[in-house]
Amino acid sequence: GKIINGQNVREIFGNVKITQGDTEIFCNRAVQFLQKNEVELYGDVEVFQDTVKLITEAGYYYGNENIAFSDTGLIMYDGHMILAAQNGYYYLDEEKAFLYENVKLVDMTSTLTADELTYFQTDDKAISVGNVKIVDSTSTIIADSLIHFRGSGDSYAYFNVQINDANNDLTIYGDTLVD
Numbered sequence: 341g342k343i344i345n346g347q348n349v350r351e352i353f354g355n356v357k358i359t360q361g362d363t364e365i366f367c368n369r370a371v372q373f374l375q376k377n378e379v380e381l382y383g384d385v386e387v388f389q390d391t392v393k394l395i396t397e398a399g400y401y402y403g404n405e406n407i408a409f410s411d412t413g414l415i416m417y418d419g420h421m422i423l424a425a426q427n428g429y430y431y432l433d434e435e436k437a438f439l440y441e442n443v444k445l446v447d448m449t450s451t452l453t454a455d456e457l458t459y460f461q462t463d464d465k466a467i468s469v470g471n472v473k474i475v476d477s478t479s480t481i482i483a484d485s486l487i488h489f490r491g492s493g494d495s496y497a498y499f500n501v502q503i504n505d506a507n508n509d510l511t512i513y514g515d516t517l518v519d
């Protein structure tokens, strides 16, 4: 090992694989901070847990908290949808993602964009905040915030709600939407 900023570290190069519990991480290079149980991840980073796959160019893994982080752009798949953002955390124990900056969620029926999104995988629930827009084959919903239940298709939009119905050339405005 060696010392970086007063901390004992190990550097691992080439076809790196890290496992902790049911989490597997692959990358080209890793810097492990031994005392903190944390790892800097570089190059073709992939984090796997159950049906979730997270891809980024560089990231960080907090081993004690079982959290993956990236601020270099990330894509997350769970078998049913794709989430993308510039920055994000995935809380592996909670099966929860918090993404921010240029967030996009795409599933079989709709595309959602927002400034921030918290996704609860086990509940199939997404809470979006800031410049929220959800588009499907029949309508576009714009709001300040939106809660979307992917399993049931139910959406609840709040504040500055605008609905554009593509089929009827109709626009509706309001404070709250239950769809």
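Following this note's numbering, the numbering of the sequence shown begins with 341 at its first residue and continues without gaps. Cβ atoms here follow ideal geometry from the backbone N, Cα and C, with glycine treated the same way.
Run through DSSP, which three-state label would M416 get?
For the purposes of this step, residue 416 is taken as the residue at position 76 of the sequence shown. Reduced to three states, the DSSP call for M416 is strand.
Less than 8 Å between the C-beta atoms of V472 and D484, yes or no?
Indexing the sequence shown from 1 puts residue 472 at position 132. Indexing the sequence shown from 1 puts residue 484 at position 144. In this structure, D484 lies closer than 8 Å to V472 by Cβ.
Output needed for Y513: all residues of its chain with C-beta closer than 6 Å, excluding positions within five of it in sequence on either side, in chain order.
By one-based count along the sequence shown, residue 513 stands at place 173. Around Y513, the same chain offers Q502 as residues with beta carbons nearer than 6 Å, after the five sequence neighbours per side are excluded.
Best match in S479, I343 and F388 for proximity to Y430 [C-alpha to C-alpha]:
The residue you call residue 430 lines up with position 90 of the sequence shown. The residue with the shortest Cα to Cα distance from Y430 is F388.
Could you say which of E364, N368 and L374 lies nearest to N346 if we only look at CA atoms?
Residue 346 sits at position 6 when you count from the first residue of the sequence shown. Note on identity: in this sequence residue 346 is Gly, with Asn being the wrong assignment. The option with the nearest alpha carbon to G346 is L374.
Given 8 Å, three or more beta-carbon pairs between the segment 423 to 443 and the segment 475 to 492
Because the criterion of three Cβ pairs below 8 Å is not met, the segment 423 to 443 and the segment 475 to 492 do not touch.
Checking the sheet assignment: what are the DSSP bridge partners for G514?
As a working note, residue 514 is residue 174 in the sequence shown. Per DSSP, V501.
Taking DSSP as the reference, what is the three-state secondary structure of A506?
Taking the sequence shown and counting its residues from 1, one reaches residue 506 at position 166. In the structure shown, A506 sits in coil (DSSP, three-state: anything other than H, G, I, E or B).
For the beta strand (DSSP E) holding Q372, just list the boundary residues, first then last.
Position 32 of the sequence shown, counting from 1, holds the residue named residue 372. Taken as a continuous stretch (DSSP letters only), the beta strand (DSSP E) holding Q372 covers T363 to F373.
Cβ-Cβ separation, G403 to V385 (assumed contact under 8 Å), whole Å:
Here residue 385 refers to the residue found at position 45 of the sequence shown. Here residue 403 refers to the residue found at position 63 of the sequence shown. Contact between V385 and G403 is absent: CB atoms are separated by about 15 Å, not below the 8 Å threshold.
Using a Cβ-Cβ distance cut-off of 8 Å, determine whether Q461 contacts chain D.
Among the chains in the structure shown there is no chain D, since it carries only a single protein chain.
Does DSSP put L486 in a helix, in a strand, or in coil?
Along the sequence shown, read from residue 1 onward, the residue named residue 486 stands at position 146. Strand at L486.
Which listed residue (L486, V475 and G491) has its alpha carbon closest to that of A506
Position 166 of the sequence shown holds residue 506. When the alpha-carbon of A506 is set against those of L486, V475 and G491, the nearest one is in V475.
Between the CA atoms of L432 and D418 - distance to the nearest angstrom:
Here residue 418 corresponds to residue number 78 of the sequence shown, with the count starting at 1. Here residue 432 corresponds to residue number 92 of the sequence shown, with the count starting at 1. Between the alpha carbons of D418 and L432 lies a gap of roughly 13 Å.
For Q413, which residues from the same chain have a beta carbon less than 6 Å from its beta carbon, with the 5 sequence-adjacent residues on both sides left out?
Within the sequence shown, numbered from 1, the residue matching residue 413 stands at position 73. Note on identity: in this sequence residue 413 is Gly, with Gln being the wrong assignment. Result list for G413: Q426, in chain order.
Count the other CB atoms, across all protein chains shown, that sit within 10 Å of the CB of R490; report buried if there are 16 or more and exposed otherwise.
Position 150 of the sequence shown, counting from 1, holds the residue named residue 490. If you draw a 10 Å sphere on the C-beta of R490, you find 16 or more other C-beta atoms in it, and that means buried.
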